[in-house]
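Worksheet: one structure, shown below.
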Amino acid sequence: MSGAAFDLVIDNARIVYRDRILKGKIGIRDGKIAKLLRQDEEAAADRTIDAEGRYVLPGLIDSHVHFRTPGYEHKENWHSASKAAAAGGVTTVLDMPNTNPYTDTVDKLRQKSALVQGQSYVDYGFHIGVVPGKAEALQTLERGEAASIKLFLTGHRTAKHIIDDEAELDYIFRLAADKGIPLTLHAEDDFVLRLFRQSRGEPSDLTEYESVYPRIGAITAVARSLRFVRKYGTSVHILHVSSAEEAELLDAAAEAGYPVTYETTAHQLWFDHASARELGTRAKLSPAIREPRDRDRLWQSIARGTLASVGSDHAPHSKAEKSFDFHDAPPGLPGVQELLPVLLTGLKRYLPSLSREERLLAVAQLLAAGPAARFGLDHQKGSIEVGLDADLLLIDDEKKWTFTEGHVLSGSGWSAYEGAELEGEAVVTIVRGQVVYDRGQFGEEVGQPVSLRRETANAFAQTAGSPYGMLV
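The opening residue of the sequence shown carries number 544 in this note's numbering; numbering runs sequentially from there.
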């Protein structure tokens, strides 16, 4: 047994702490943050990492990934996906249910967790899905067993279980409210999108795609969902918001006291319809990439503080699948590794009035504190606080580099950001006090299942992502 005060000390750091930056050291013991120290304080440790004046952020949380295990390992597997996550500074992921078998019961949640044990560089949790006509399976679900109940209001090849029946939706919203479990929604209205496909036919390339899968499908689904929220008070998080109108509607709902939050994705913040066009099927997504005004409005949600989180929606497909004819190519792209630098680069480009430290504070909110609070992880993760897990990210936030195919760690082997000029890179990634990534070298697969908060909050607090105070 070592006589040192700490197992690990991060020395000479600029610590991204709450709403400010502290200069000093972080002492880690037994996988937890044990003490924040001034730079001039002595700190004996078994190991010391010199941050060399760089910024240290809380480990990032990607609350929207599809790591494809089990059933779709030809696209990606948990080991390769978690390796990409660690290289991007992500220390915790929440995986979506559309694997094979579909994760729609508590037993399947446990089976998936057991399956990935020992294969993960990062900690992990799961959202649970719903199969049409089988929503009663949720009756056995307790708060804390799943990060959320995920509903696909429309679907595609790897998301086949669409919940569109009015009575079934009513049942699920009421059940989730009664149990105090949040719903996450892929909010595009299947009926609306089917009408457009019947009228206009399937698109043959990306130039036609948005017109056949238009914003009205998303706007309609959000409005429909808000009616159930009004009826039952269900806590709802809208995924991959893609249009200005959705953002406006959700901001209005939150200001009116509805317990709703929303995320967007790195690719919705980076691309627009024109810039994505040259990518062809690689930029075929669900929902579609939209116009510059939509991207700009989503950046304004960040500036206003109304966006709860940014997710990667890491949804890889093989190069062969993405080479199919446009109609047959599946929607989705990898992105967990690219999430941090794309957000940092975009903050500098689209919100130029922010200072360097304001950009880093925004990253910590959107990629750590926000998702931690939203999904019941904030008692263990999401910020640099004594007693929380020592999930940390040492970052070179001003490094300028070009993302190439050679950087790709996802098992899919490709990225939509190949050739992009980026700024900011993860240097060292630490999960519960253990270094899993250090300047291109990887440690051990130490990832464990997360412990989700089980108590039911009486009110929907500001820390869950709303700027409007306490929302009942």
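Each residue gets a CB set at the ideal place from its N, CA and C atoms; glycine is no exception.
**Study point:** Buried versus exposed call for V779 [16 or more other C-beta atoms within 10 Å across all chains shown]
**Key:** V779 should be labelled buried.
Exercise for review: Take every Cβ of the stretch 885-895, pair it with every Cβ of the stretch 856-866, and state whether three or more of those distances are shorter than 8 Å.
Suggested key: Contact between the stretch 885-895 and the stretch 856-866 is absent: fewer than 3 CB-CB pairs across the two stretches fall below 8 Å.
Practice item. For D593, count neighbouring Cβ atoms within 10 angstroms of its own Cβ and tell me buried if that reaches 16, exposed if not. Key: Its Cβ having fewer than 16 others within 10 Å, D593 is exposed.
Review point. Are D605 and S855 close, meaning C-beta to C-beta below 8 Å?
Key: Inclusion of D605 and S855 in the CB contact set at 8 Å is warranted, their separation being smaller than that value.
Check your understanding: When the Cα atoms are used, what is the spatial distance from D794 to T763?
Key -> Distance between the alpha carbons of D794 and T763 is about 15 Å.
Check your understanding: Between the stretch 875-888 and the stretch 640-649, do at least 3 Cβ pairs fall closer than 8 Å?
Key -> Contact fails: fewer than three Cβ-Cβ distances are below 8 Å.
Point to revise | M1013 versus V803 - alpha carbon distance | key: Residue placement at M1013 is poorly supported in this model, since its pLDDT is 38, which falls under 50; the coordinates still yield a value, given next. Near 12 Å, if we compare the C-alpha coordinates of V803 and M1013.
Check your understanding: Does DSSP classify M1013 as helix, strand or coil?
Key -> Bear in mind that a pLDDT of 38 at M1013, under 50, signals an unreliable position, so the model cannot answer this.
Check your understanding: Taking the Cβ atom as the reference point for each residue, do D650 and T591 lie within a distance shorter than 8 Å?
Key -> Result no, Cβ atoms of D650 and T591 do not sit closer than 8 Å.
**Study point:** Close-in-space but distant-in-sequence residues of the same chain around R512 (CB under 6 Å, 5 per side omitted)
**Key:** Because the chain here runs from 544 to 1015, residue 512 falls outside it and cannot be looked at.
Review point. So, E964 versus T945, is the Cβ gap smaller than 8 Å?
Key: E964 places its beta carbon less than 8 Å from that of T945.
Practice item. Determine contact between the stretch 682-692 and the stretch 657-665, defined as no fewer than three beta-carbon pairs at a distance below 8 Å. Key: No, the stretch 682-692 does not touch the stretch 657-665.
Point to revise | Buried or exposed by the 16-neighbour rule on C-beta atoms within 10 Å, applied to G567 | key: Classification of G567: buried, given that the 10 Å Cβ count is 16 or more.
**Study point:** Proximal residues to G967 (C-beta, below 8 Å), its chain only, five neighbours per side dropped
**Key:** The answer, listed in chain order, is L883, P884, L887, T888, I938, D939, D940, E941 and K942.
Check your understanding: Mapping DSSP to helix, strand and coil, what is K575?
Key -> Annotated three-state conformation of K575 is strand, per DSSP.
**Study point:** Runs of beta strand (DSSP E) lying entirely within the stretch 776-831, each at least 3 residues, in chain order
**Key:** Listed in chain order, the complete beta strand (DSSP E) runs (minimum 3 residues) inside the stretch 776-831 are 779-781 and 803-808.
Point to revise | Proximity of F918 and D748 at Cβ, strictly below 8 Å | key: No; because the gap between Cβ atoms is not below 8 Å, this pair is not in contact.
Review point. Where do the N-terminal and C-terminal ends of the beta strand (DSSP E) with I927 fall, by residue?
Key: Secondary structure note for I927: it is in no beta strand (DSSP E), with a DSSP letter that is neither H nor E.
Exercise for review: Indicate whether Y1024 and V772 have their beta-carbon atoms separated by less than 8 Å.
Suggested key: Any question about residue 1024 goes unanswered here, given that the chain covers just 544 to 1015.
Point to revise | Cβ contact (3+ pairs, closer than 8 Å) linking the stretch 610-629 and the stretch 978-993 | key: Taking 8 Å as the limit for Cβ pairs, the verdict is that the stretch 978-993 does touch the stretch 610-629.
Review point. How is the beta strand (DSSP E) around H699 delimited, first residue to last?
Key: H699 -> no beta strand (DSSP E), and no H or E assigned at all.
Check your understanding: Straight-line CA distance for L812 to V784?
Key -> Each residue's CA atom was taken as its position, placing L812 and V784 some 10 Å apart.
Review point. Could you give the residue range of the alpha helix (DSSP H) that holds K943?
Key: Judged by DSSP secondary structure, K943 falls outside any alpha helix (DSSP H) and instead within the beta strand (DSSP E) spanning L935 to T945.
**Study point:** Cβ shell of S786 (< 7 Å), same chain only, five flanking positions each side left out
**Key:** Result list for S786: R758, A761, I762, R833 and D837, in chain order.
Review point. Which two residues bound the contiguous beta strand (DSSP E) that contains H607?
Key: Residues L603 to V608.
Review point. Residues in its own chain within less than 6 Å of G698 by CB, not counting five upstream and five downstream?
Key: Closer than 6 Å at Cβ, skipping near neighbours: I705.
Check your understanding: Relative to the alpha-carbon of L822, which residue among H857, L876, G776 and Y775 has its alpha-carbon at the smallest distance?
Key -> When each option's Cα is compared against that of L822, the closest is L876.
Exercise for review: Would you tell me roughly how many angstroms separate the C-alpha atoms of R996 and F814, rounded to the nearest one?
Suggested key: In this structure, the alpha-carbon of R996 lies about 35 Å from that of F814.
**Study point:** Where P895 falls, given that 16 or more other Cβ within 10 Å makes a residue buried
**Key:** Classification of P895: exposed, given that the 10 Å Cβ count is below 16.
Practice item. Have a look at I558, A548, L551 and D550 and flag the residue whose alpha-carbon is nearest the alpha-carbon of A907. Key: Put simply, of I558, A548, L551 and D550 the residue whose alpha carbon is nearest the alpha carbon of A907 is I558.
Review point. Assuming K677 contacts T727 under a Cβ cut-off of 8 Å, what Cβ separation, rounded to an integer in Å, is found between them?
Key: Contact flag wrong, Cβ pair sits at about 18 Å.
Review point. When the Cα atoms are used, what is the spatial distance from P585 to I845?
Key: According to the sequence provided, residue 585 is Glu. The question's Pro does not apply to it. Straight-line Cα distance between these residues: approximately 39 Å.
Check your understanding: Count the other CB atoms within 10 Å of the CB of A657; is the residue buried (16 or more) or exposed (fewer)?
Key -> That one is exposed.
Point to revise | Residue burial classification, P601 (beta-carbon count within 10 angstroms, cutoff 16) | key: Answer is buried; the Cβ neighbour count reaches 16.
Exercise for review: Label R737 either buried or exposed according to how many other C-beta atoms from any shown protein chain fall within 10 Å of its C-beta, with 16 as the threshold for buried.
Suggested key: Classified as exposed, R737 has fewer than 16 neighbouring CB atoms from the shown chains inside 10 Å of its CB.
Review point. What are the partner residues of D666, as DSSP defines its beta bridges?
Key: The partner list for D666 (beta bridge, DSSP) reads T635.
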